[in-house]
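Visitor:
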Amino acid sequence: MAFGKVLDDKTSARIQRTVASSISRKGVDKKGTAFQMVLLTTLFITMLILVVLIFDVVQGGWEVLTTRLWGFMRGEIGSGTFPERLGVQQGLYGSFWIAVFVAVFAFPIGIGSAIYLEEYSRKNKFSRFIELNIRNLAGVPSIVYGLLGLFLFVEGIPFLTGPNSNGRSATSAGLTLAVLVLPIVIITAQEALRAVPSGLKEGSYGVGATRWETIRYQSLPYAAPGILTGTLLSMSRAIGEAAPLILVGATTGFLGSNPNILDVGSVRERFTAMPIVITEWTQKTNTVNEDVFIPSAAAAIVVLLVFVLLLNIVAIYLRHYFEKKRES
Amino acid sequence: MTTTQQVQHVNSPETKQPFTVEDLQMNPARSNRQKAIAGVFAVTAVTSIAISGLILWTLLAEAWVFMVNVDWASVWDIGWFPRRGIYDIKTLIVASLITTGIAMMVATPLGLGAAIYLSEYAHPRVRSVIKPVLEVLAGIPSVVLGFFALLWIAPNVVGSFSANDAGSLAAAGIGVGILTIPLITSVSEDAMAAVPSSLREASQGLGARKSATTLRVVLPAAISGIVASLIIAVSRAIGETMVVYIAGGAAQTAIYTDFPTEKGLTMTAAMASQGSGTDNVVGEGLTFQSLYFVGLVLFVFTLGLNVIASRFVNRIQEKY
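Quick note, the sequences are listed as chains A and B, same order.
Under my numbering, the first residue of the first sequence is numbered 1, with each subsequent residue one higher.
Under my numbering, the first residue of the second sequence is numbered 329, with each subsequent residue one higher.
In structure tokens form, the structure reads like this:
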């Protein structure tokens with residue numbers, strides 16, 4: 001050291017002790033501790049709400065689920081005069097076929113748009129316009145999509161979507177929800193494709209692969225987990241969504257047939273879906289049959305939550321798993 | 329295969345022909361396939377524009393019929409009775425604003441607090457547990473929150489300070505608020521994570537405490553993202569349907585109210601209840617068109633909010 005020692009050892013040790021004790025002493029930063037406590041409390045309240053919510057629903061549906069689970073899964077949306085016939089099969093049927101329509105229409109179109117936007121299009125005004133448009137579509141309230149579905153699929157093409165049901169069918173509902181989740185599929189797939197390292201693509205071009213070959217054999221396999229996460233999340237969104245279905249004409253009361261889940265023939269008939277079943281039964285609060293419908297509604301929520309949360313948990317797990325794998 | 333063979337052929341000493349452009353060009357079949365595939369993807373990308381166009385056209389076409397034919401005195405009246413020809417839009421807008429306001433009063437402190445804690449304080453291991461739990465909360469369908477709002481929040485929370493323990497705007501608002509917590513948390517946490525750590529280190533290097541660093545350095549730097557998260561949450565809350573439809577307390581019709589603990593009908597709930605129950609949405613006169621008129625008003629609200637929010641997000645991107 002060019003300057004030599006300014007302080008002797010003893011003094012510097014004392015200063016060190018004083019400084020250390022003044023900054024590490026407990027309770028010295030009272031405001032900071034209080035702030036941290038407030039933050040922790042908000043987090044705690046949020047978690048508590050989630051716990052109370054799930055506990056309330058499971059407790060409400062417990063009796064139905066434990067005493068007559070099979071009958072409940074096979075039952076009808078029907079009337080409250082026969083509580084033993086109440087069940088979710090028609091709802092499961094509608095939700096299943098809605099999911100099929102979403103998978104068939106929204107996934108290919110959504111992933112295709114994402115590939116176009118990330119891999120093909122030049123960054124010009126037109127592609128910026130498409131991207132802005134997709135972002136705005138993602139923010140459109142779901143009920144507005146219901147208006148679109150009502151106008152387009154129910155009133156517009158009933159001869160295709162439901163010749164016997166005035167267009168009020170699982171087909172119309174599925175198409176409407178496919179339109180609704182399309183922006184989500186596009187945005188998540190775009191993010192996944194954007195995360196593909198450019199070295200991978202450049203290497204592929206370098207050995208003479210064409211653009212499509214590069215996408216097919218490099219970008220898509222690398223982005224697949226991310227794209228899959230996005231599709232699973234949009235699927236869970238679609239089967240939990242109720243507002244557009246109400247406008248598309250989901251049946252809330254007695255439904256004639258009780259089709260098997262895999263019965264394709266009924267997709268153009270009158271339909272209902274899990275969230276609609278729940279809504280309908282919940283709205284029986286303060287009516288004569290309240291004590292039949294409310295526990296059933298809670299049980300139906302448990303059934304729906306099992307599907308939705310399973311999709312979510314698989315998606316979240318996949319993402320974390322692949323993120324970790326990439327990092328290592 | 330063919331390309332390599334050609335190249336070898338050209339280079340072989342017997343021929344000694346010079347390279348031509350054709351030799352380096354792609355096999356025409358292969359190149360046509362490329363163009364076809366690119367064309368298919370371009371078509372899929374245009375679908376989203378078509379959807380936007382259809383939404384606008386649908387809303388405008390039907391709302392136009394309503395606006396031309398309606399007696400405008402009935403749009404500013406005592407309440408929302410579409411089947412009787414009374415379409416008081418202010419009843420719906422005020423109810424929407426009340427539920428949204430209550431939702432934001434619930435969601436802002438909880439969502440922001442959780443975001444700040446997760447971004448600045450939480451141990452990585454705590455974070456890795458809590459973030460997925462919040463994502464689970466985000467994945468809960470809105471009908472479930474509707475059930476919870478009507479059967480738990482209304483009697484236990486709203487019922488504790490008012491006489492109304494059935495559905496009310498307040499119960500619905502709290503339910504919507506719970507739904508928007510994860511949205512606020514994830515967007516504003518992203519904004520705080522985007523603040524360069526050099527700013528935090530500089531602040532701590534100057535001797536600022538953790539809380540001062542968070543409140544005076546990180547939050548101001550992330551403020552546009554945080555504001556954007558709140559605006560997006562407002563837009564989501566206004567457009568939320570099922571919670572207010574189930575827990576709002578009013579069915580089909582509503583008399584004007586600006587009292588949160590009364591039952592009320594928001595724009596979204598009015599549309600849903602008009603579409604449900606009966607076999608046909610079509611009712612007397614302009615009932616069907618009034619649905620699209622309300623839809624247009626709602627669309628304008630949410631689109632405006634989303635555009636403002638994206639301005640805020642863009643601003644933060646420019647800064648660093």
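Here a beta-carbon is modelled for each residue, glycine too, at the ideal position from N, C-alpha and C.
1) Could you compute how far the alpha carbon of Leu200(A) sits from the alpha carbon of Gln218(A)?
2) Name the chain B residues that come within less than 8 Å of Arg122(A), Cβ to Cβ?
3) Taking C-beta pairs closer than 9 Å, name the residues in chain B that Gly240(A) reaches, listed in chain order.
4) Does DSSP put Phe271(A) in a helix, in a strand, or in coil?
5) Please confirm if the segment 382-397 of chain B is in contact with the segment 619-629 of chain B, defined as three or more CB-CB distances below 8 Å between the two stretches.
6) Within the 8 Å Cβ cut-off, does Met599(B) reach chain A?
7) List, in order along the chain, the chain A residues whose C-beta lies closer than 8 Å to that of Ser380(B)?
8) Compare the C-beta of Asn634(B) against all C-beta atoms of chain D and say whether one is closer than 8 Å.
9) Assuming contact is defined by CB atoms lying nearer than 8 Å, are Leu193(A) and Glu119(A) in contact in what I supplied?
10) List, in chain order, every chain A residue whose beta-carbon is nearer than 8 Å to that of Met570(B).
11) By the criterion of Cβ-Cβ separation under 7 Å, what are the contact partners of Lys31(A) in chain B?
12) What is the residue span of the alpha helix (DSSP H) that Phe55(A) lies within?
13) For Gly75(A), which three-state DSSP category applies?
14) Report the option in Ser638(B), Ala578(B), Leu558(B), Ala600(B) whose CA atom is closest to the CA atom of Gly429(B).
15) Between the Cα of Ile383(B) and those of Ile276(A), Arg14(A), Thr176(A), Leu40(A), spot the shortest distance and give me the residue it belongs to.
16) Output needed in chain order: residues of the segment 542-557 of chain B with a Cβ under 9 Å from some Cβ in chain A.
17) Only counting runs of 4 or more residues, tell me where the alpha helix (DSSP H) segments fall wholly within the segment 508-562 of chain B, in order along the chain.
18) Tell me which same chain residues have a C-beta within less than 7 Å of the C-beta of Gln90(A), skipping the five on either side of it?
19) Could you tell me the distance, in whole angstroms, from the CA atom of Pro295(A) to the CA atom of Leu593(B)?
20) Please tell me whether Phe105(A) and Ala178(A) are closer than 8 Å, where the distance is taken between their beta carbons.
21) Would you identify the three-state DSSP class for Ile583(B), choosing helix, strand or coil?
22) Gly162(A) by DSSP, collapsed to three states: which one?
23) By the three-class DSSP mapping on this structure, what secondary structure does Ile157(A) have?
24) Using the beta-carbon count (16 or more within 10 Å), is Leu352(B) buried or exposed?
25) Please compile the residues from chain A whose C-beta is within a distance smaller than 8 Å of the C-beta of Leu420(B).
26) Per the contact definition of three or more C-beta pairs closer than 8 Å, is the segment 66-73 of chain A in contact with the segment 203-220 of chain A?
27) Going along chain B, which residues have a C-beta under 8 Å from Met47(A)?
28) Step through the CB atoms of chain A and report whether any lies within less than 8 Å of the CB of Ala442(B).
29) May I ask you to verify whether the segment 410-418 of chain B touches the segment 499-510 of chain B, counting CB pairs closer than 8 Å and requiring at least 3?
30) Cα-Cα, which of Ile115(A), Ser236(A), Ile143(A), Pro244(A) is closest to Leu220(A)?
31) Where does Ala442(B) land, buried or exposed, given buried means 16+ other C-beta within 10 angstroms?
32) Leaving out five residues on either side along the sequence, give the residues of the same chain with a beta carbon under 8 Å from the beta carbon of Asp586(B).
33) Alpha carbon to alpha carbon, what distance is there between Lys363(B) and Glu517(B)?
34) Who are the Cβ neighbours of Ile512(B) in its own chain at under 6 Å, not counting the five residues just before and after it?
35) Quick check on this structure: which residue in Pro108(A), Tyr222(A), Met37(A), Leu50(A) has the alpha carbon closest to the alpha carbon of Val472(B)?
36) As a quick exercise: from Pro548(B), Ile583(B), Ala519(B), pick the residue whose alpha carbon is nearest that of Ser531(B).
Guide: The short version:
1) Approximately 7 Å, taken between the alpha carbons.
2) Residues of chain B passing the Cβ test: none, with the nearest at roughly 12 Å.
3) Gly467, Ile468, Pro469, Ser470, Val471, Val472
4) coil
5) Output reads yes: the segment 619-629 of chain B touches the segment 382-397 of chain B.
6) yes
7) Asn133, Asn136, Leu137
8) Protein chains in the displayed structure are A and B, and chain D is not among them.
9) yes
10) Ala242, Ala243, Pro275, Thr279
11) Ser539
12) 30-67
13) coil
14) Leu558(B)
15) Ranking Ile276(A), Arg14(A), Thr176(A), Leu40(A) by Cα distance to Ile383(B) puts Thr176(A) first.
16) Thr542, Leu543
17) Counting only runs of 4 or more, we get 525-533.
18) Glu76, Ile77, Leu255, Asn258, Thr272
19) 26 Å
20) yes
21) strand
22) Coil, per DSSP.
23) coil
24) exposed
25) Neighbours of Leu420(B) on chain A: none; closest Cβ ~13 Å, over 8 Å.
26) Below 8 Å, too few C-beta pairs join the segment 203-220 of chain A and the segment 66-73 of chain A to call them touching: fewer than three.
27) Ile458, Val461
28) yes
29) Counting Cβ pairs under 8 Å, fewer than three are found: no touch.
30) Among Ile115(A), Ser236(A), Ile143(A), Pro244(A), the Cα nearest to that of Leu220(A) is on Ile115(A).
31) buried
32) Val422, Ile426
33) 42 Å
34) Ala435, Gly439, Ser557, Ala561
35) Leu50(A)
36) Pro548(B)
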